[in-house]
Amino acid sequence: MTYHFENIPSLIMSILQAFPVTCEILVVSLVISLGIGCIVAIGSLSENKTLNKIAFTWIAFMRGVPTLVMMFLLFLGLPQLMTNIGIPISTTNKLPYIIATLSLTSSSNMAEMMRASYLAVDKGQSEAAYSIGMDGFTTLRRIVFPQAFGIAIPMLGNNIVNLFKETSLAFTIGVVDILGKARAISAASFGANKLETYISAGIIFWAICLILEGTFNVLEKVYTKGRKKATS
Amino acid sequence: MDFGFMKEAFPQILAAVPVTLLMAFASACIGWILGLLIALIRKGRIPVISQIFGIFVSFMRSVPMVILLYISYYVMPDLINQYGSNIGLSIDVSVIPPVVYAIFALLLNQAAYSSEVFRSAISAVDEGQREAALSIGMTEFQSYRRIIFPQAFATALPNLSGLFVMLVKDTSLAYYVGVYEITATANLLSMPKLNFIEAYIMTTVIYEVLSIIFNKLFALEENHLKKFRGKLVA
Chain A
82 MTYHFENIPS
92 LIMSILQAFP
102 VTCEILVVSL
112 VISLGIGCIV
122 AIGSLSENKT
132 LNKIAFTWIA
142 FMRGVPTLVM
152 MFLLFLGLPQ
162 LMTNIGIPIS
172 TTNKLPYIIA
182 TLSLTSSSNM
192 AEMMRASYLA
202 VDKGQSEAAY
212 SIGMDGFTTL
222 RRIVFPQAFG
232 IAIPMLGNNI
242 VNLFKETSLA
252 FTIGVVDILG
262 KARAISAASF
272 GANKLETYIS
282 AGIIFWAICL
292 ILEGTFNVLE
302 KVYTKGRKKA
312 TS
Chain B
23 MDFGFMKEAF
33 PQILAAVPVT
43 LLMAFASACI
53 GWILGLLIAL
63 IRKGRIPVIS
73 QIFGIFVSFM
83 RSVPMVILLY
93 ISYYVMPDLI
103 NQYGSNIGLS
113 IDVSVIPPVV
123 YAIFALLLNQ
133 AAYSSEVFRS
143 AISAVDEGQR
153 EAALSIGMTE
163 FQSYRRIIFP
173 QAFATALPNL
183 SGLFVMLVKD
193 TSLAYYVGVY
203 EITATANLLS
213 MPKLNFIEAY
223 IMTTVIYEVL
233 SIIFNKLFAL
243 EENHLKKFRG
253 KLVA
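Chains A and B are the protein sequences, given in the same order. Those letters in the first sequence? Residues 82 to 313, by this note's numbering. Those letters in the second sequence? Residues 23 to 256, by this note's numbering.
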């Protein structure tokens, strides 16, 4: 079998047409998972024992289940369950399912990230804020959050890269994202250039991951510049 | 909910657990050894080779597992075929089960991830430890084996445990290349009567139990290795 690696640049260009879809999945599920993660993080930090238990169970559960299984559960199982109890939901639009899957599975990582960076801020900081008369919310907004954010940046970058890699599962349920497009191109040529197509898709993922990593490195440097290290 | 189906299918899904575990253990064993070698090569700054491995690690870490699986699934048979004809053997590629290709992709991924873990763990061991070992007459190899590795391993273990649990989850992706592990078996069994809900709830439960078991085992081992860790932060 012969390979035509000289086709890779043109393949990359045609696969990139599907980039907006991947971007949409990534951004929407990032926002939702940050939202869920925030709620779970608040639960895991609260003094209330029941809330605490629920939050930690959520984190452990979402960490243990593979994204693929979660996706099948939501895309194949949920519509069935809803039809059984009398609320039929449509599966013609597949984007919400992949977005829901990714939001749920990455919410545990986001929650852990927020919890760890909140705890990394020295307790004396908030005590000092209280002592000069700030209330709880002002302390969080003006003192704790800016420091916790600096600590969270590298972890956030890592989580976003992982989330981006997991968007590649969207093709399983028929969404035409980067990998879905690659498979369509490969199928159109009856599998003759499947290796080249998958390598092109791999190069696209690699490039975008490098860009993301670079961006977050710069962001961390810019943000933490001139700030005292919060962990000291 | 069709409980009859659950009762019938659960043993069959459970019977696929060994395949998942085989993939996880095989790729962890080989991958982590490779990872350790890559870490040592990159730590020793051997020119050219260490740059090549740097690129390898960066590529493996940023390409999704699915793409790696597909590439391995499509390329390996060709490579084996060509290698066979080069040395004058005709190897029948079709007898090689797809699980081999899945393990190959998983182990390369593990090698890349674990090499970063080992690299940071070895760097975390104080340079003075190595110097002290050399000063009392140990060879370079002995200093690594007796002094540096035990300490580095204790630092690396929590990260390795996370890596392994991630690996167990990643084996579910071998479904794409036709390996009948837990997810693929559940998928197959659910098809005839469309029992998706039941099949995937059972799958979820099995994965949860596996992850709890491995987390517990690694936590036990971490406790066991704590004696090496206390002295690190002197």
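Backbone N, C-alpha and C fix where the C-beta goes; we use that ideal spot for every residue, glycine too.
Skipping 5 residues on each side, what residues in its chain have a beta carbon closer than 6 Å to that of residue i?
{"i": "Val255 of chain B", "result": "Low confidence applies to Val255 of chain B: its pLDDT is 49, below 50, so where it sits in the model is not reliable enough to give any reading."}
{"i": "Ala46 of chain B", "result": "Leu189, Val190, Thr193"}
{"i": "Arg144 of chain A", "result": "Ser189"}
{"i": "Asn245 of chain B", "result": "none"}
{"i": "Trp139 of chain A", "result": "Val121"}
{"i": "Ala141 of chain A", "result": "none"}
DSSP three-state label for residue i, please.
{"i": "Arg67 of chain B", "result": "coil"}
{"i": "Pro101 of chain A", "result": "helix"}
{"i": "Pro86 of chain B", "result": "coil"}
{"i": "Val109 of chain A", "result": "helix"}
{"i": "Lys215 of chain B", "result": "coil"}
{"i": "Arg308 of chain A", "result": "coil"}
{"i": "Met94 of chain A", "result": "helix"}
I'd like to know whether the C-beta of residue i is nearer than 8 Å to at least one C-beta of chain B.
{"i": "Gln206 of chain A", "result": "no"}
{"i": "Tyr279 of chain A", "result": "yes"}
{"i": "Gln98 of chain A", "result": "no"}
{"i": "Leu202 of chain A", "result": "The amino acid at residue 202 of chain A is misidentified as Leu; the sequence shows Val. No - not a single Cβ of chain B is within 8 Å of the one on Val202 of chain A."}
{"i": "Gly295 of chain A", "result": "no"}
{"i": "Met94 of chain A", "result": "no"}
{"i": "Gly124 of chain A", "result": "no"}
{"i": "Lys39 of chain A", "result": "As displayed, chain A neither begins before 82 nor continues past 313, which places residue 39 of chain A out of reach and without an answer."}
{"i": "Lys175 of chain A", "result": "no"}
From the beta carbon of residue i, is the nearest beta carbon of chain A less than 8 Å away?
{"i": "Ser233 of chain B", "result": "yes"}
{"i": "Glu230 of chain B", "result": "yes"}
{"i": "Leu195 of chain B", "result": "yes"}
{"i": "Tyr96 of chain B", "result": "yes"}
{"i": "Lys191 of chain B", "result": "yes"}
{"i": "Thr226 of chain B", "result": "yes"}
{"i": "Val255 of chain B", "result": "Any reading at Val255 of chain B must be qualified, since the residue scores a pLDDT of 49, below 50, and its modelled position is unreliable; the value itself is stated next. For Val255 of chain B, the answer is no, since every Cβ of chain A falls outside 8 Å of its Cβ."}
{"i": "Tyr92 of chain B", "result": "yes"}
{"i": "Phe118 of chain B", "result": "A quick correction: the sequence has Ile, not Phe, at residue 118 of chain B. Not an interface residue."}
{"i": "Val85 of chain B", "result": "yes"}
Using C-beta distances below 8 Å, list every residue in its chain close to residue i, excluding the 5 sequence neighbours before and after it, in chain order.
{"i": "Lys246 of chain A", "result": "Phe286, Cys290"}
{"i": "Thr172 of chain A", "result": "Phe156, Pro160, Tyr178"}
{"i": "Tyr222 of chain B", "result": "Ala208, Ser212"}
Taking 8 Å as the CB-CB cut-off, is residue i touching chain C?
{"i": "Phe271 of chain A", "result": "Given the protein chain composition of this structure (A and B), no chain C is represented."}
Enumerate in chain order the residues of its own chain whose CB-to-CB distance from residue i is below 7 Å, with the five nearest sequence positions on each side excluded.
{"i": "Gln104 of chain B", "result": "none"}
{"i": "Ala311 of chain A", "result": "Any reading at Ala311 of chain A needs caution, since the residue's pLDDT is 49, under 50, leaving its predicted position unreliable; the model's value is listed next. Ala201, Val202, Asp203, Gln228, Gly231, Ile232."}
{"i": "Ala282 of chain A", "result": "Ile96, Ile259, Leu260, Ala263"}
Q. If we count Cβ pairs, one from each stretch, closer than 8 Å, do we get three or more for the segment 108 to 128 of chain B versus the segment 171 to 181 of chain B?
A. no
Q: Would you be able to state if there are at least three C-beta pairs under 8 Å between the segment 266 to 278 of chain A and the segment 83 to 92 of chain A?
A: yes
Q) the segment 133 to 148 of chain A: which residues have C-beta closer than 9 Å to a C-beta of chain B, in chain order? A) Ala141, Phe142, Arg144, Gly145, Val146, Pro147, Thr148
Q) Hey, is the segment 154 to 161 of chain B in contact with the segment 70 to 89 of chain B, meaning 3+ C-beta pairs nearer than 8 Å? A) no
Q | Cβ contact (3+ pairs, closer than 8 Å) linking the segment 187 to 194 of chain A and the segment 119 to 134 of chain A | A | yes
Q: Return the residues of the segment 122 to 147 of chain B that lie within a Cβ-Cβ distance of less than 7 Å from chain A, sorted by chain order.
A: none
Q) Quick one: any contact between the segment 193 to 205 of chain B and the segment 140 to 160 of chain A, if contact means 3 or more CB pairs under 8 Å? A) yes
(Q) Does the segment 43 to 61 of chain B come into contact with the segment 211 to 224 of chain B, if we say contact requires no fewer than three beta-carbon pairs (one atom in each stretch) closer than 8 Å? (A) no
Q | the segment 134 to 152 of chain B in contact with the segment 59 to 69 of chain B per 3-pair CB rule at 8 Å | A | yes
**Q.** Meets three-Cβ-pair contact criterion under 8 Å: the segment 194 to 205 of chain A and the segment 226 to 245 of chain A
**A.** yes
Q. In chain order, what residues of the segment 154 to 170 of chain A put their CB closer than 7 Å to some CB of chain B?
A. Leu154, Leu157, Gly158, Gln161, Leu162
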